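Data first, discussion second: the structure below is written as structure tokens.
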Amino acid sequence: MISDADALTRLINEAFLAERPFVEGDRVDHAGVLKYLATGKFLLLERNQSLIGCVYLERRGDHMYLGLLSVASSEQGKGWGRKLMDAAERYAAKEGCVAIDLRVISERADIRPFYERLGYAAVAVEAVATAIPVKVPFHFVVMSKPIGRAQGAQ
């Protein structure tokens, strides 16, 4: 478990370097990953016995929260992010969830279209927690996608 947490910490921080213009410091530390492991689960993607991707999932009522979608920089642009999203959606549907929710930084214009292409839509705006050391003002855009039985109701 500890070595998994170390590998996850390295992968997530590498993948989230694009947030450096907005947020101070690393995205997660070892203790933070252990907290995530205690409250939810990570789906892992390995290639040639190396961790190249992950996504965090946490059940919140009948919704699944998705976060920390991470793909190693050397593997980006190869469809791994979409594969992780597909796996997350299958897992959430299997767990009986009606939707998946995620948050993106409002200023990350590069990332929202990825989620929109996968069927996610902006549903709310959230303020940034005061504990997050921001470099420039931003807010979170909450995006959601119905899955499972909710998807069929549309």
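For the sequence shown, our numbering begins at 858 and goes up steadily by one.
Glycine included, each C-beta is placed from N, C-alpha and C at the ideal position.
As the structure is a computational prediction, the values presented were derived from the model and not from experiment.
Ser963 sits in coil when the DSSP states are folded into three classes, being neither helix nor strand. Here Val961 is actually not in contact with Tyr948; their C-beta atoms are around 20 Å apart, not less than 8 Å.
For Arg974, the uninterrupted alpha helix (DSSP H) run begins and ends at 969–974, by DSSP. Secondary structure at Asp863: helix, using DSSP grouped into helix, strand and coil. Cys911 has Leu901, Ser927 as its beta-bridge partners, per DSSP. If you compare the alpha carbons of Glu964, Ser963, Pro1003, Pro994 with that of Ala950, the shortest gap goes to Pro1003. In the DSSP assignment, Lys1002 falls within the unbroken beta strand (DSSP E) covering 997–1003.
Phe997 is a Cβ neighbour of Glu983, given a cutoff of 7 Å.
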